[in-house]
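Chains as they are written, first to last, in our numbering: chain A, 1 to 156; chain B, 157 to 782.
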Amino acid sequence: MSNEQIEILLVEDNRDDLELTMHALRKEHMVNHIHIARDGEEALDFLFCAGPHEDRSFERPPKLVLLDLKLPKVDGLEVLRRMKGDPRTQAIPVVILTSSKEERDLVRGYGLGANSYIQKPVDFQQFRETVKTVGLYWLLINQAAPTAVGQAASKS
Amino acid sequence: MEQHYLTIWSRLRHRSWIGITLGVVLTGLSFVVSLRSMRQSSADDDWVAHTHTVGTALETTLAHVTAIETGARGYAAAGDESFLESYGNGTHAIGGDLDALSSLTADNPTQQERVARLRMQIKARLAIADATISQREKTGVVPAPQFFLKGQRRMNAVQATIAEMKAQEAAKLEQRQLTAFSTRRRTEVLMLASALAGLTLMIVAGTITAREVKRSSVLLDQIQLLNADLERGVEQRTAELQESQQRLHLFVEHAPAALAMFDRDMNYIQVSRRWLTDYSLEDRIVRGASHYEVFPEMPAQWRDAHRRGLEGEVLRGESDRLERDDGTEQWIRWETRPWYDSGGEIGGIVIFTENITERKRAEDEVRRLNGELEQRVAQRTAQLEAANKELGAFTYSVSHDLRAPLRHISGFSRILLDDFEATLPPDAKHHLQRIDEGTRRMGQLVDELLTLAQVGRRELTLQVVGLRSLVDEVIADLKPETAERNVEWKIGDLGYADCDAGLVKQVFHNLLFNAVKFTRPRQQAIIEIGQTEREGRPLFYVRDNGVGFSMKYADKLFGVFQRLHRAEDFEGTGVGLATVQRIVQKHGGQIWTEAELDRGATFYFTLGSAEINGSKTKAAHAGENL
Chain A
1 MSNEQIEILL VEDNRDDLEL TMHALRKEHM VNHIHIARDG EEALDFLFCA GPHEDRSFER
61 PPKLVLLDLK LPKVDGLEVL RRMKGDPRTQ AIPVVILTSS KEERDLVRGY GLGANSYIQK
121 PVDFQQFRET VKTVGLYWLL INQAAPTAVG QAASKS
Chain B
157 MEQHYLTIWS RLRHRSWIGI TLGVVLTGLS FVVSLRSMRQ SSADDDWVAH THTVGTALET
217 TLAHVTAIET GARGYAAAGD ESFLESYGNG THAIGGDLDA LSSLTADNPT QQERVARLRM
277 QIKARLAIAD ATISQREKTG VVPAPQFFLK GQRRMNAVQA TIAEMKAQEA AKLEQRQLTA
337 FSTRRRTEVL MLASALAGLT LMIVAGTITA REVKRSSVLL DQIQLLNADL ERGVEQRTAE
397 LQESQQRLHL FVEHAPAALA MFDRDMNYIQ VSRRWLTDYS LEDRIVRGAS HYEVFPEMPA
457 QWRDAHRRGL EGEVLRGESD RLERDDGTEQ WIRWETRPWY DSGGEIGGIV IFTENITERK
517 RAEDEVRRLN GELEQRVAQR TAQLEAANKE LGAFTYSVSH DLRAPLRHIS GFSRILLDDF
577 EATLPPDAKH HLQRIDEGTR RMGQLVDELL TLAQVGRREL TLQVVGLRSL VDEVIADLKP
637 ETAERNVEWK IGDLGYADCD AGLVKQVFHN LLFNAVKFTR PRQQAIIEIG QTEREGRPLF
697 YVRDNGVGFS MKYADKLFGV FQRLHRAEDF EGTGVGLATV QRIVQKHGGQ IWTEAELDRG
757 ATFYFTLGSA EINGSKTKAA HAGENL
């Protein structure tokens with residue numbers, strides 16, 4: 001799996017949310033390209049190729065980060081701030097996927113450079129639709145920034 | 157007028173003096189003349205009487221001579237001695253008669269001569285008579301005739317002399333009577349003249365006096381009338397003055413203000429009761445007393461103000477402190493102004509004061525209380541802020557943590573339904589559907605409650621918003637609800653409002669959503685959105701032809717969780733209209749409704765923010781006009 005292109009980094013601490021999100025992604029056949037981080041630290045390690053992921057390369061960034069905000073250790077907004085503050089990771093699209101509809105979260109999220117902000121619908125069918133649409137857009141429709149990723153892909 | 161009286165009086169007096177003087181002179185003259193005439197007349201009368209006396213004395217003398225002659229003759233002839241008695245009587249009286257005659261004619265020498273002659277003749281006769289008697293006595297016979305003849309001759313001489321004297325006296329009497337007559341005539345003429353003069357004078361004087369009296373009486377009447385008028389006027393003026401003084405006195409005394417009037421030496425002339433009570437002077441007699449005796453503690457600046465007042469200045473002070481001798485403190489609002497006497501000179505000053513000590517105290521108290529209140533407000537604000545923060549944390553928590561389990565329940569029940577549809581018994585599927593529905597409703601409820609809470613906490617972001625575009629957006633949002641229904645939207649002219657766009661959109665959303673929901677039983681749903689005017693302010697409305705409701709529940713309509721319909725008929729949380737009301741109120745507006753069961757409902761609302769942020773609105777509109 002590590003050799004395959006990771007298309008989505010899913011940062012989610014809640015097991016149930018994780019399971020439901022995975023269920024939805026599985027339905028859309030996107031589950032094979034997902035890496036899961038259970039807290040902010042894990043997410044940062046993955047993104048910055050550190051700790052357990054030090055063998056990873058910045059040249060193979062995920063195509064999308066689905067980021068929850070309320071996370072143990074390092075919270076979602078801090079993860080976002082670090083990503084968008086670093087040239088190596090700032091081009092990676094981040095979609096905040098959270099239970100919160102708090103205005104201040106929205107404001108801070110966009111302020112820190114989030115590409116999208118989605119409140120998880122309570123209704124699961126809506127949630128599935130949302131996940132499907134988001135995946136479809138960012139993975140298929142959206143043209144990613146030209147990074148080492150593209151070059152590496154063309155070489156292989 | 158007075159001049160006129162004086163002239164009349166002086167003229168009257170002048171004329172009277174002439175008349176009186178003339179009268180006195182005439183009366184005096186007449187008195188003198190009369191007196192003289194009376195004296196003359198009396199003298200004449202005396203003379204007449206005298207003449208008669210002389211006449212009588214002559215008669216008596218003659219009688220006595222005759223008696224002597226007769227007696228002597230009778231005795232000589234008859235020798236009867238009874239004749240001697242008559243003779244004796246005669247001789248006895250004759251001497252006295254001659255003396256009386258002599259004395260009576262003492263003033264007349266001619267008569268004196270005649271008296272002397274008469275005396276001689278009587279003496280001669282007596283001698284004859286004596287001789288005759290002696291002859292008889294001697295002879296006892298009748299004497300010789302020569303005795304008788306001689307006697308007769310001598311008797312004739314006596315009679316002639318007496319007749320002569322009588323004639324003389326008669327002539328004199330006649331002369332005297334003539335004189336007396338002429339004197340009386342003169343006197344009469346004089347008296348008549350004087351009486352006539354007096355009468356004339358009296359008539360003239362009387363006429364003049366009568367005229368003057370008449371004139372003066374007319375004038376007197378006039379004067380009396382005028383005097384009466386004058387007196388009445390004076391009385392009336394006096395009464396008026398007294399009344400006016402009393403009124404002024406009453407006015408000042410009972411004026412509900414502290415007033416005092418002073419003379420130039422700052423002595424009290426008049427003072428209101430309020431003044432006395434305000435300065436605790438009830439038991440003092442201040443009238444006539446000096447202001448500075450009454451208030452020895454009077455500060456220098458007020459004494460100065462009084463001095464300047466006496467020089468004609470009007471001065472006032474809004475809040476000055478006066479420390480009384482007894483140590484109490486008073487706060488005074490005052491005004492001092494001069495008053496002018498009838499000559500236009502400053503007669504003194506009037507001081508008006510208001511004891512504002514109580515007010516000052518109250519103000520201080522209010523300040524103190526305000527301070528306390530502010531402190532309490534600050535405290536409460538801090539508490540409120542803390543509570544708000546807590547609420548913020550709570551809503552965040554609700555938003556995050558309460559929705560998550562709901563999502564999970566919904567998610568997993570959905571997965572069961574989707575993925576295990578084939579293996580699930582129908583009952584299980586039904587129950588799962590109910591779970592799914594329940595979680596969805598609760599999710600909706602949580603969302604709406606969050607919105608409501610957020611409206612309360614959120615600061616309004618006011619901007620000029622075109623309401624038509626908001627409504628259009630909402631209608632577009634409601635497409636999923638209306639797509640398969642026959643809904644006619646009637647949108648009137650909608651203007652611009654100074655409001656929070658997001659929140660007002662929420663208002664329209666909730667109202668239009670309700671309208672769509674409650675017209676569901678209608679074949680043809682008609683929903684009107686428009687704007688009119690009420691009391692000069694825009695009034696917005698949303699009207700539908702839905703199921704409506706009874707107005708008796710209207711007061712419940714905007715309460716949280718209050719519903720007028722069963723959930724089976726019309727789904728809903730009972731939060732939507734509460735949110736609408738909260739938003740409208742937050743804008744300073746009002747919302748109310750008119751409805752009838754089964755006849756639709758109309759919701760009216762105003763947005764008062766134009767007043768709240770007037771300047772901002774104007775600026776915004778001005779920008780728009782450019």
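Quick reminder that beta carbons are idealized off the backbone N, C-alpha and C, glycines included.
Query                                                                                                                                                                                    : Result
Return the residue from the list B/756, B/691, B/538 and B/712 that minimises the CA-CA distance to residue 764 of chain B.                                                              : B/691
Could you give the residue range of the alpha helix (DSSP H) that holds residue 303 of chain B?                                                                                          : 301–410
Going by the beta-carbon positions, is the gap between residue 254 of chain B and residue 274 of chain B smaller than 8 Å?                                                               : yes
Starting from residue 701 of chain B, follow its DSSP beta bridges and name the residues at the other end.                                                                               : Bridge partners of residue 701 of chain B: none, in fact.
Check the C-beta distance from residue 747 of chain B over to residue 731 of chain B and give it rounded, since I have them as a contact under 8 Å.                                      : About 15 Å separates the two Cβ atoms, so there is no contact after all.
Report back the beta-carbon spacing between residue 343 of chain B and residue 181 of chain B to the nearest angstrom; my notes put them in contact at under 8 Å.                        : No, residue 343 of chain B and residue 181 of chain B are not in contact; Cβ-Cβ is about 19 Å, not under 8 Å.
Measuring CB atoms only, is the stretch 402–409 of chain B touching the stretch 478–492 of chain B, in the sense that at least three cross pairs come out at less than 8 Å?              : no
Would you please verify whether the beta carbon of residue 564 of chain B is less than 8 Å from any beta carbon of chain A?                                                              : yes
Using a Cβ cut-off of 7 Å, pull out every chain B residue sitting near residue 63 of chain A, in sequence order please.                                                                  : Those within 7 Å of residue 63 of chain A in chain B number zero; the least Cβ separation is about 25 Å.
In chain order, which beta strand (DSSP E) runs of at least 3 residues are fully inside the stretch 723–760 of chain B?                                                                  : 747–751
Quick check on the burial criterion: 16 or more other C-beta atoms within 10 angstroms. Buried or exposed for residue 146 of chain A?                                                    : exposed
Comparing C-alpha positions only, which one of A/28, A/7 and A/16 sits nearest to residue 130 of chain A?                                                                                : A/28
What residues of chain A sit near residue 559 of chain B, judged by a beta carbon separation below 7 Å?                                                                                  : 99 and 122
Does the beta-carbon distance from residue 672 of chain B to residue 637 of chain B come in below 8 Å?                                                                                   : yes
What residue does the beta strand (DSSP E) around residue 788 of chain B start on, and which one ends it?                                                                                : Nothing in the structure corresponds to residue 788 of chain B, since chain B is present only between 157 and 782.
Could you pull the DSSP bridge partners for residue 644 of chain B from this structure?                                                                                                  : B/682
So, at 7 Å on beta carbons, what are the nonlocal neighbours of residue 642 of chain B in its own chain, with the 5 sequence-adjacent residues on each side left out?                    : 679, 680 and 681
Span of the beta strand (DSSP E) holding residue 490 of chain B?                                                                                                                         : 485–496
Which class does residue 174 of chain A belong to by DSSP, given the choice of helix, strand or coil?                                                                                    : For residue 174 of chain A there is no data in the structure shown, the boundaries of chain A being 1 and 156.
Between which two residues does the alpha helix (DSSP H) carrying residue 119 of chain A extend?                                                                                         : Unbroken run through residue 119 of chain A is the beta strand (DSSP E), 116–119; no alpha helix (DSSP H).
Starting from the N-terminal side, write out each stretch of the beta strand (DSSP E) that is 3 residues or longer and does not extend beyond the stretch 594–653 of chain B.            : 618–622 and 643–647
Once the 5 residues before and after residue 461 of chain B are set aside, which same chain residues still bring their CB inside 7 Å of it?                                              : 471 and 492
Could you confirm whether any beta carbon from chain B is found closer than 8 Å to the beta carbon of residue 142 of chain A?                                                            : no
Thinking residue 13 of chain A and residue 45 of chain A are a contact (beta carbons under 8 Å), I'd like their distance in whole angstroms, please.                                     : Incorrect: roughly 15 Å between the Cβ atoms, too far for contact.
Rounded to the nearest angstrom, how far is the Cβ of residue 322 of chain B from that of residue 214 of chain B, given a contact under 8 Å?                                             : 6 Å
Quick one: does residue 29 of chain A have its CB under 8 Å from some CB of chain B?                                                                                                     : no
Hey, out of B/608, B/455, B/497 and B/428, whose CA is closest to residue 443 of chain B's CA?                                                                                           : B/428
For chain A, check one thing: does any of its Cβ atoms lie closer than 8 Å to the Cβ of residue 606 of chain B?                                                                          : yes
Tell me, please, which residues DSSP counts as bridged to residue 476 of chain B.                                                                                                        : B/488
Cβ closer than 8 Å: which chain A residues qualify as neighbours of residue 599 of chain B?                                                                                              : 121, 122 and 123
Could you tell me which of B/543, B/670, B/620 and B/729 sits nearest to residue 657 of chain B, measuring between CA atoms?                                                             : B/620
Hey, how far is the Cα of residue 152 of chain A from the Cα of residue 640 of chain B?                                                                                                  : Reliability fails at residue 152 of chain A, whose pLDDT of 43 lies under 50, so the model's placement of it is uncertain and no value is given.
Which whole-angstrom value describes the C-beta separation of residue 9 of chain A and residue 74 of chain A, a residue pair presumed to lie in contact below a C-beta threshold of 8 Å? : Not quite, the Cβ-Cβ distance comes to about 14 Å (not below 8 Å), so this is no contact.
Would you kindly check if the distance between the Cβ of residue 567 of chain B and the Cβ of residue 48 of chain A is under 8 Å?                                                        : no
By the three-class DSSP mapping on this structure, what secondary structure does residue 424 of chain B have?                                                                            : strand
Under 8 Å between beta-carbons, which chain B residues line up against residue 20 of chain A? List them in chain order, please.                                                          : 563, 564, 567, 568 and 571
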